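In what follows, a structure is listed as structure tokens, so that the remarks can point back to it.
Residue numbers (the working numbering), protein chains in the order written: chain A, 1 to 183; chain B, 1001 to 1192.
Next comes the structure, spelled out in structure tokens:
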């Protein structure tokens, strides 16, 4: 059992440092494309102090990490398990890559693969699930690569840019995750 | 249309909750694990009337402050007997979406009053709150509740596989949904 759970080939998962990371989150939030990809709420600009409050709340609620590149130690996003239900043995997962130049290059996929390992091996969860909007094709492709299966569609669920969009639900079971691991 | 009664059906009506009188009855309903999970937080366990009243009091207080959720008791018209608990606990006005939850005293109450309750809640949601979509979640072990939504016209939009654990097994969680255009086609004379 020698693998370092939190270091991959492109990124490492790091602890959240609210003082350092809240201003980063505030900076990423100014990119409304990032906000539309990652949040159901209206794109809005919260002060750093309010973001610190959100982060403290989420840190108490689930398992959260910052995503840092190995090559230059740059923090590019965050990922976390939330809504962990120990009786049902499942959790929701959410990820956001805040630096656009790192989109579509495998950084998010690797972070997701690493947190799934945490979920199924360390937390012994039975299932992990997520929601993603139909216009986020890049994320849908990434999740499929990680083994998530499309379980259904909430039709015309959200309203953005003057039209309605579907929300996809995807899930992966522990048995499915184990089956796709390299021995 | 303006004189349509929003809260009165033929056999039941939606009223405000009376926490002193209703909490002991609802506490009895929470002995069913699926009902418990919809009404209380935390792991399934036997809860006292005081605990249910405290939980509902906090919920109603938050709802009142944020004005973002809607809670109703379901009572028989003749005897004002509490037979169900209906609410939109989740409300996203920007997306015109609300989550719906229904609970009934038992399967007999669901059969007798379920379709009328759902009709009143759907009318309230689509025609008064101007929702575009109403969604709900049901465990696959709740056959009567699933049948109620299907009978009304909700579609099975998502099957979250093995998402709930009851009675020693994993069950799927079914997410049902209905959008306003379909509701209007089925239940009103107002066409888009």
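Glycine included, C-beta positions come from ideal geometry on N, C-alpha and C. Since the structure is predicted, the reported quantities are computational estimates derived from the model, not experimental observations.
Chain-order list of residues whose beta-carbon lies under 7 Å from that of residue i (same chain, five-residue window excluded)
{"i": "residue 1071 of chain B", "result": "1017, 1060, 1063 and 1087"}
{"i": "residue 1116 of chain B", "result": "1009, 1010, 1011 and 1012"}
{"i": "residue 90 of chain A", "result": "125, 126, 127, 128 and 129"}
{"i": "residue 1191 of chain B", "result": "Summary for residue 1191 of chain B: the model assigns pLDDT 45, below 50, so the residue's position carries little reliability; its value from the coordinates is reported in the next sentence. The residues are 1184."}
{"i": "residue 2 of chain A", "result": "With a pLDDT of only 46 at residue 2 of chain A, under 50, the local geometry of the prediction cannot be trusted, and no value is derived from it."}
{"i": "residue 117 of chain A", "result": "5"}
{"i": "residue 1142 of chain B", "result": "1034"}
{"i": "residue 1081 of chain B", "result": "1075"}
{"i": "residue 1022 of chain B", "result": "1073 and 1082"}
{"i": "residue 1156 of chain B", "result": "1174 and 1176"}
{"i": "residue 43 of chain A", "result": "32, 35 and 36"}
{"i": "residue 1139 of chain B", "result": "1034, 1164, 1166, 1171 and 1173"}
{"i": "residue 84 of chain A", "result": "62 and 91"}
{"i": "residue 160 of chain A", "result": "36"}
{"i": "residue 1089 of chain B", "result": "1069, 1099 and 1101"}
{"i": "residue 1037 of chain B", "result": "1044"}
{"i": "residue 147 of chain A", "result": "172, 176, 177 and 180"}
{"i": "residue 136 of chain A", "result": "37"}
CB of residue i within 9 Å of CB of residue j, strictly
{"i": "residue 99 of chain A", "j": "residue 80 of chain A", "result": "no"}
{"i": "residue 127 of chain A", "j": "residue 172 of chain A", "result": "yes"}
{"i": "residue 66 of chain A", "j": "residue 22 of chain A", "result": "no"}
{"i": "residue 1095 of chain B", "j": "residue 1132 of chain B", "result": "yes"}
{"i": "residue 13 of chain A", "j": "residue 29 of chain A", "result": "no"}
{"i": "residue 1053 of chain B", "j": "residue 1020 of chain B", "result": "yes"}
{"i": "residue 1091 of chain B", "j": "residue 1118 of chain B", "result": "no"}
{"i": "residue 87 of chain A", "j": "residue 1123 of chain B", "result": "no"}
{"i": "residue 105 of chain A", "j": "residue 1161 of chain B", "result": "no"}
{"i": "residue 1046 of chain B", "j": "residue 1026 of chain B", "result": "no"}
{"i": "residue 1097 of chain B", "j": "residue 1134 of chain B", "result": "yes"}
Element boundaries [alpha helix (DSSP H), containing residue i]
{"i": "residue 166 of chain A", "result": "Taken as a continuous stretch (DSSP letters only), residue 166 of chain A belongs to no alpha helix (DSSP H), being part of the beta strand (DSSP E) at 163–173."}
{"i": "residue 37 of chain A", "result": "32–38"}
{"i": "residue 51 of chain A", "result": "48–61"}
{"i": "residue 1039 of chain B", "result": "1033–1039"}
{"i": "residue 25 of chain A", "result": "18–29"}
{"i": "residue 180 of chain A", "result": "It is not in any alpha helix (DSSP H) - residue 180 of chain A carries neither H nor E in the DSSP assignment."}
{"i": "residue 1019 of chain B", "result": "1019–1029"}
Supposed contact pair residue j and residue i - C-beta distance, whole angstroms, cut 8 Å
{"i": "residue 6 of chain A", "j": "residue 112 of chain A", "result": "That belief does not hold up - the Cβ atoms of residue 6 of chain A and residue 112 of chain A are roughly 14 Å apart, past 8 Å."}
{"i": "residue 1084 of chain B", "j": "residue 1103 of chain B", "result": "6 Å"}
{"i": "residue 1150 of chain B", "j": "residue 1111 of chain B", "result": "About 14 Å separates the two Cβ atoms, so there is no contact after all."}
{"i": "residue 138 of chain A", "j": "residue 92 of chain A", "result": "Actually they are not in contact, since the Cβ atoms of residue 138 of chain A and residue 92 of chain A sit about 20 Å apart, beyond 8 Å."}
{"i": "residue 1127 of chain B", "j": "residue 1154 of chain B", "result": "At roughly 17 Å, the Cβ-Cβ gap does not stay under 8 Å, so residue 1127 of chain B and residue 1154 of chain B are not in contact."}
Cutoff 6 Å; reference residue i; Cβ partners in own chain excluding five residues on either side
{"i": "residue 183 of chain A", "result": "Summary for residue 183 of chain A: the model assigns pLDDT 46, below 50, so the residue's position carries little reliability, and this model does not support an answer."}
{"i": "residue 186 of chain A", "result": "Lying before the first or after the last residue shown, residue 186 of chain A is absent from chain A, which here runs from 1 to 183."}
{"i": "residue 1242 of chain B", "result": "The first residue shown for chain B is 1001 and the last is 1192, placing residue 1242 of chain B beyond what the model contains."}
{"i": "residue 1048 of chain B", "result": "none"}
{"i": "residue 1136 of chain B", "result": "1100 and 1176"}
{"i": "residue 1109 of chain B", "result": "1083"}
{"i": "residue 194 of chain A", "result": "Absent from the structure is residue 194 of chain A, since the part of chain A shown begins at 1 and ends at 183."}
{"i": "residue 1005 of chain B", "result": "none"}
{"i": "residue 101 of chain A", "result": "none"}
{"i": "residue 131 of chain A", "result": "167 and 169"}
{"i": "residue 1114 of chain B", "result": "1148"}
{"i": "residue 1039 of chain B", "result": "1030"}
{"i": "residue 164 of chain A", "result": "156"}
Close Cβ partners of residue i (< 8 Å) along its chain, the five nearest in sequence each way excluded
{"i": "residue 166 of chain A", "result": "133, 134, 153, 154, 155, 156 and 157"}
{"i": "residue 107 of chain A", "result": "10, 11, 67, 69, 76, 77 and 97"}
{"i": "residue 142 of chain A", "result": "108, 109 and 112"}
{"i": "residue 151 of chain A", "result": "129, 169, 170 and 171"}
{"i": "residue 1107 of chain B", "result": "1144"}
{"i": "residue 58 of chain A", "result": "64, 80 and 82"}
{"i": "residue 145 of chain A", "result": "109"}
Limits of the unbroken beta strand (DSSP E) element including residue i
{"i": "residue 1012 of chain B", "result": "1012–1015"}
{"i": "residue 11 of chain A", "result": "11–14"}
Chain D contact for residue i (CB, 9 Å cutoff)
{"i": "residue 87 of chain A", "result": "In the structure shown, chain D cannot be found, because the protein chains are A and B."}
Query raised in the report: Which residue spans inside the region 94–152 of chain A form an unbroken beta strand (DSSP E) run of at least 3?
Result: 127–133
Requested in this report: With a floor of 3 residues, list each beta strand (DSSP E) that falls wholly inside the region 1100–1188 of chain B, ordered by position along the chain.
Outcome: 1133–1139, 1155–1166 and 1169–1179
Query raised in the report: Curious, which full-length beta strand (DSSP E) runs of at least 3 residues does the region 63–87 of chain A contain?
Result: 63–69 and 75–85
Requested in this report: Within the region 1048–1087 of chain B, note down every full alpha helix (DSSP H) run reaching 4 residues or more, in order along the chain.
Outcome: 1049–1066
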